[in-house]
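Numbering (my numbering), first residue to last: 62 to 311.
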């Protein structure tokens with residue numbers, strides 16, 4: 062229970078009762094619960110979207126669904142996306158990229174990354190309607206948290222000092238990669254059958270591709286690149302499903 066609460070506290074803004082705040086050891090062991098928190102987040106968003114969909118048009122509910130995803134995480138991941146974009150698109154050497162990412166100020170590439178990612182996510186969610194919509198909303202936060210798990214399991218920390226990621230590295234395992242894949246395929250298959258499994262599988266691959274790109278640019282990960290991995294991977298379930306729908310594959 063402590064490890065689950067640690068994951069919940071780290072990945073969301075859900076308040077915990079006094080006396081239930083987990084310690085650093087519980088946080089380090091919370092990695093297997095990242096997908097669980099993602100699934101709960103997706104369920105909350107899908108349920109809210111279903112209720113609001115009875116009152117509002119799909120364009121409005123799509124905006125609200127994306128806002129809810131950002132709000133539940135406390136905008137933690139999208140802030141990392143901005144810092145990563147500033148660093149990765151600076152065309153500087155590795156050490157300078159890391160220094161740029163540490164700067165608390167958001168540069169033009171960071172702003173562009175936020176605007177483009179949020180706009181694309183809203184458009185993709187709005188393009189998925191009917192019986193596919195609820196499981197796409199379910200998979201979206203799950204995919205992002207599975208990308209966090211995969212990147213932590215596979216990549217070293219890119220900075221000389223350990224930081225918060227070092228807490229997770231003490232308890233990480235390559236088996237966490239298989240766990241992320243299993244959860245994505247299982248939830249995708251149970252909720253969306255074959256299209257859901259395809260969307261979940263593509264999201265898993267996207268997380269791996271980002272890990273490879275991050276390793277090539279800075280030799281590992283930082284907290285900011287984890288946020289970027291989460292936000293970009295969240296685009297994949299709706300993107301794949303919209304492609305299947307509009308291409309006649311679903």
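Virtual Cβ for every residue (Gly too), placed ideally from N, Cα, C.
Computed from a predicted model, the values in this text were never measured in an experiment.
Check                                                                                                    : Outcome
Spatial distance of residue 81 from residue 193 (CA atoms)                                               : 37 Å
Three-pair Cβ contact test at 8 Å for the stretch 99-119 versus the stretch 129-137                      : yes
Rounded straight-line distance, which links the Cα of residue 112 to that of residue 248                 : 22 Å
Status (buried if at least 16 other CB within 10 Å, exposed otherwise) for residue 120                   : exposed
Buried or exposed by the 16-neighbour rule on C-beta atoms within 10 Å, applied to residue 76            : exposed
Distance, residue 206 Cα to residue 91 Cα                                                                : 12 Å
Counted within 10 angstroms of its Cβ, other Cβ atoms place residue 62 as buried (16 or more) or exposed : exposed
Cα-Cα separation between residue 273 and residue 291, rounded to whole angstroms                         : 14 Å
N-terminal and C-terminal residue of the alpha helix (DSSP H) that residue 278 is part of                : 236-279
Under 9 Å between C-beta atoms of residue 64 and residue 78                                              : no
The alpha helix (DSSP H) enclosing residue 179, as first and last residue numbers                        : 169-188
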